[in-house]
Ligand code: KG4
Ligand code: ZN
């Protein structure tokens, strides 16, 4: 019979990943051969929905109430014991400090008690490395991260090595969807609701601005679009809720966003080619990547540039424990472990050399 140690060795290294940076409490046990042994997720959507956005205090409390249970479930489902872990990884930022503290403290406690290495994961890096988990993608590649808290273009050179090519100067793109949905009384989160209405709409009915399109840099801005759409909703008054008007409004908004994202990403591909000498593959991550019109615009762009595009499946694009565990595995392989006094960081840009702009590395309440 195999000894316990031999069994553990043959199973590869297993990392526990903990995610509590925003409104998902998530845990996963992932092995270094990219096998997910268990993934647990509790979405706090219902708790925040009545407020039309995320309430940090409610989020922190919900993480505290659920995290232990999710860890216990993951261990039970996988049959893995804490003693078998190669490391404990937790998101340490950027995000809401209350939630980050719950996850990071839990990870520190487990690491200390079971004498395991601790890995403080940058949430943006977890998104950035997902394409290596799903598709084994080699460095370098261009990452477009589009979520409720972020809108960034990063050139990913390697683990811990990023050049920020662009970021939003105001709202994150998911936030723009959420704000429009709130204006129209469609509820939270807005993206899926806007997309559902947009399906029957005419994307060219309402002329809306495309801020920054055609500009030389790779940054984004959504405030002009948000103001224009608000004006339109006010002008239409109660007619905005007429089903065809609503569908056309949502489709026109989605079309504007898709064109903005494609234009900025096109610019970043060109910039990445200047920097690296070749056009890198494109990776899209974050909740907004689930939007079909946006995904189609980015696929068309990749085709135009003849580059590979990787869009991880929606459960790995939105916040989850698997991508945190995977980032932990990548860092562990490089010996990048952290001391037990590593702090939680509400702001933590991937590229520390990049000029601080509003929206870069920040992740706050989405509404
Ligand atoms: O990545 P995510 O789950 O959470 C973080 O922000 O980290 O992204 C959530 C965001 C929300 O703003 C939501 O409205 C948006 O992604 N979203 C979408 C769609 N599904 C989610 N936006 C547009 N179309 C969608 N289908
Ligand atoms: Zn995220």
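Residue numbers (the numbering used here): 180 to 546.
Here a beta-carbon is modelled for each residue, glycine too, at the ideal position from N, C-alpha and C.
The model shown is predicted, which means the values in this text are computed figures rather than measured ones.
- When the beta-carbon positions are compared, residue 431 and residue 472 stay at least 8 Å from each other.
- Between residue 523 and residue 271 the beta-carbon gap is near 5 Å, inside 8 Å, which marks them as a contact.
- Excluding five sequence positions before and after residue 388, the CB atoms of its chain that fall closer than 8 Å to its own CB belong to 403, 404, 407, 435, given in chain order.
- DSSP places residue 316 in no alpha helix (DSSP H); its state is neither H nor E.
- Ranked by Cα distance from residue 242, the first of 335, 227, 359 is 227.
- The beta carbons of residue 396 and residue 429 sit no closer together than 8 Å.
- Spatial neighbours of residue 322 in its own chain (CB-CB distance under 6 Å, excluding positions within 5 residues in sequence) are listed in chain order as 307, 333, 335, 462.
- Bridge pairing for residue 488: 461 [DSSP].
- The Cβ atoms of residue 399 and residue 496 lie no closer than 8 Å to each other.
- A distance criterion of 7 Å places the beta-carbon of residue 356 in contact range of the ligand KG4, judged by its closest non-hydrogen atom.
- Under DSSP, residue 217 forms a beta bridge with 208.
- Here residue 337 is exposed: its Cβ has fewer than 16 other Cβ atoms, across all protein chains shown, within 10 Å.
- If you check the C-beta of residue 326 against the ligand KG4, you find a heavy atom less than 7 Å away.
- Ranking 410, 475, 210 by CA distance to the CA of residue 263 puts 210 first.
- Around the beta carbon of residue 217, 16 or more other beta carbons sit within 10 angstroms, so the residue counts as buried.
- When only Cα atoms are considered, residue 244 and residue 230 end up about 20 Å apart.
- Distance from the CA of residue 269 to the CA of residue 328, rounded to the nearest whole angstrom, comes to 19 Å.
- The C-alpha of residue 282 lies about 12 Å from the C-alpha of residue 238.
- A Cβ-Cβ distance of about 6 Å is found for the pair residue 345 and residue 443, placing them in contact under the 8 Å criterion.
- Burial is judged here by how many other beta carbons sit within 10 angstroms of a residue's own beta carbon; residue 378 has fewer than 16 and is exposed.
- Residue 222 is bridged by DSSP to 203.
- Out of 302, 220, 299, 208, the CA that lies nearest to the CA of residue 259 is found in 208.
- In this structure, residue 504 places its C-beta atom within 8 Å of the C-beta atom of residue 194.
- Note on geometry: alpha-carbon atoms of residue 447 and residue 528 lie some 18 Å from one another.
- Per the C-alpha coordinates, the member of 417, 343, 369, 362 positioned closest to residue 352 is 369.
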